[in-house]
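Visitor: My structure is below; once you've seen it, I'll send some questions.
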Amino acid sequence: MTRTTTRRGTTGRTRHRSRQTWSTMLLRAPAWLAVLLLTLPLAALLLRVDWLGLPGDLASPAAWQAVRLSALTTTCTLVVVLALGTPLAWLLARGEHPLLPWLRALVTVPLVLPPVVGGVALLATWGRTGVLGGPLQQTLGVSIPFTTLAVVLAEVFVAMPFYVISVEGSMRGLDRRYDGIAATLGASPWRTFCTVVVPMVAPGIAAGAALAWARALGEFGATITFAGNFPGRTQTVPLAVFTALEQDPDAALALSVLMLAVCVVVLAALRSRWLP
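Laid out in structure tokens, this is it:
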């Protein structure tokens with residue numbers, strides 16, 4: 000009787016392990032397929048690039064011009080995002096108005112909006128006949144579309160939601176009792192925000208800033224629609240890649256590898272310091 004029970008128990012455990020093995024395989028197969036779909040194009044990019052000619056391609060006047068413009072516009076974008084997005088994140092995290100959920104939805108719309116549609120929306124706002132661009136053109140003679148400023152506006156439009164969402168999450172996790180303690184010590188809301196809230200959510204701000212900067216660096220659709228593709232004025236690195244694909248594929252590959260390297264460095268830094 001004991002041997003029979005033991006044999007049945009062993010058989011049951013074997014069948015259980017067999018089912019577990021098949022279940023694991025059923026999960027791993029699509030998981031590795033997903034890995035291949037995501038990493039194979041990146042590997043192909045690295046295999047196709049001319050590594051010996053890479054320095055020369057990146058040092059060409061057109062490539063250097065695009066890199067310099069991207070550095071300038073993304074830096075300006077980051078300054079605007081930090082200055083405006085941080086108070087906005089605080090408002091969304093600490094506000095109690097019933098319309099705040101709708102405001103949050105509006106702020107995050109650019110995350111899912113097709114980039115070209117974003118460019119059309121920017122033209123409708125800042126264009127020569129736009130809601131704000133028309134009065135600027137008529138009163139001051141200022142035209143924003145197809146200028147470097149247009150590039151910055153396009154990058155702010157697509158990058159700020161990434162920053163706001165990241166920082167809002169950090170601020171939501173902050174204990175509100177710190178605000179009360181600061182208020183009892185005589186600190187104004189502005190001073191509390193600057194000396195208590197911002198330092199305590201600094202990792203979230205850094206992570207959001209890095210994500211926003213990377214998104215601004217890779218912006219294409221809204222930029223080409225609203226700012227155009229003029230070398231030295233509005234042609235950022237993604238637009239230079241698009242142009243080089245028809246004229247100089249090696250230069251397009253070189254710039255693509257540069258963009259890939261920057262994105263990997265940013266994500267690695269976030270992973271090691273601010274992401275779990």
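Going by numbering that gives the first Met the number 0, the first residue of the sequence shown is number 0, and it counts up by one from there.
Heads up, the beta-carbon is just placed ideally off N, CA and C, and yes, glycines get one too.
1) Using DSSP with H/G/I as helix, E/B as strand and the rest coil, what is residue 139?
2) Looking at residue 218: is its Cβ nearer than 9 Å to the Cβ of residue 154?
3) Is it right to say residue 212 is buried, meaning 16 or more other beta carbons lie within 10 angstroms of its own, or is it exposed?
4) Would you mind stating whether residue 158 and residue 107 have Cβ atoms separated by less than 9 Å?
5) State the Cα-Cα distance for the pair residue 249 and residue 194, rounded to the nearest angstrom.
6) Give the C-beta separation of residue 57 and residue 243 to the nearest angstrom, bearing in mind that I take them to be a contact with Cβ-Cβ under 8 Å.
7) Mind checking whether residue 68 and residue 150 have CB atoms under 9 Å apart?
8) Nearest-angstrom Cα distance between residue 112 and residue 184?
9) Is the beta carbon of residue 65 less than 9 Å from the beta carbon of residue 224?
10) Distance, Cα to Cα, residue 125 vs residue 140?
11) Give, in chain order, every unbroken run of the alpha helix (DSSP H) that is at least 4 residues long and sits entirely within the stretch 56-116.
12) Going straight from the alpha carbon of residue 101 to that of residue 91, what length do you get?
13) What is the C-beta distance between residue 146 and residue 47, in whole angstroms, given that I count them as a contact (C-beta under 8 Å)?
14) For the alpha helix (DSSP H) containing residue 218, name the first residue and the last one.
15) Do you know whose CA, among 29, 265, 135 and 37, lies nearest residue 205's CA?
16) Taking the alpha carbon of residue 86 as the reference point, which residue from 51, 192 and 230 has its own alpha carbon closest?
17) Can you give me the Cβ contacts of residue 127 inside the same chain, cut-off strictly under 8 Å, excluding the 5 residues immediately before and after it?
18) Classify residue 214 as buried or exposed, calling it buried when 16 or more other Cβ atoms lie within 10 Å of its own Cβ.
19) For residue 131, report the span of its alpha helix (DSSP H) as first-last.
20) Compare the C-alpha of residue 172 against each of 156, 51 and 88 and name the closest.
21) Buried or exposed: where does residue 121 fall if 16 or more other Cβ atoms within 10 Å of its Cβ makes it buried?
22) Which word fits residue 257, buried or exposed, when buried means at least 16 other C-beta atoms lie within 10 angstroms of its C-beta?
23) Between which residues of its own chain and residue 203 is the CB-CB distance below 8 Å, once the five residues before and five after are set aside?
24) Can you tell me which of the three DSSP states residue 194 falls into?
25) Restricting to Cα atoms, I'd like to know which of 222, 240 and 241 is closest to residue 115.
26) Residue 239 and residue 62 - do their beta-carbons sit closer together than 9 Å?
27) Would you call residue 198 buried or exposed, if buried means 16 or more other Cβ atoms sit within 10 Å of its Cβ?
28) Tell me the rounded alpha-carbon separation between residue 39 and residue 84.
29) Assign residue 118 to buried or exposed, taking buried as 16 or more other Cβ atoms, counted over all protein chains shown, within 10 Å of its Cβ.
Guide: Straight from the coordinates:
1) Here residue 139 sits in coil by DSSP.
2) yes
3) buried
4) no
5) Here the alpha carbon of residue 249 sits roughly 50 Å from the alpha carbon of residue 194.
6) Between residue 243 and residue 57 the Cβ distance is about 11 Å, and since that is not below 8 Å, they are no contact.
7) yes
8) Approximately 45 Å, taken between the alpha carbons.
9) no
10) 13 Å
11) 60-93 and 99-111
12) Taking the straight line joining both Cα atoms gives about 10 Å.
13) Incorrect: roughly 35 Å between the Cβ atoms, too far for contact.
14) Element bounds for residue 218: n/a, residue is neither H nor E.
15) 265
16) With distances taken between Cα atoms, residue 86 lies closest to 192.
17) 133, 136, 142 and 144
18) buried
19) Run containing residue 131: none; DSSP gives neither H nor E here.
20) 88
21) buried
22) buried
23) 165, 166, 168, 169, 170 and 273
24) In the three-state reduction of the DSSP assignment, residue 194 falls in the helix class.
25) 222
26) yes
27) exposed
28) 36 Å
29) By the neighbour-count criterion, in which 16 or more other beta carbons inside 10 Å mark a residue as buried, residue 118 falls on the buried side.
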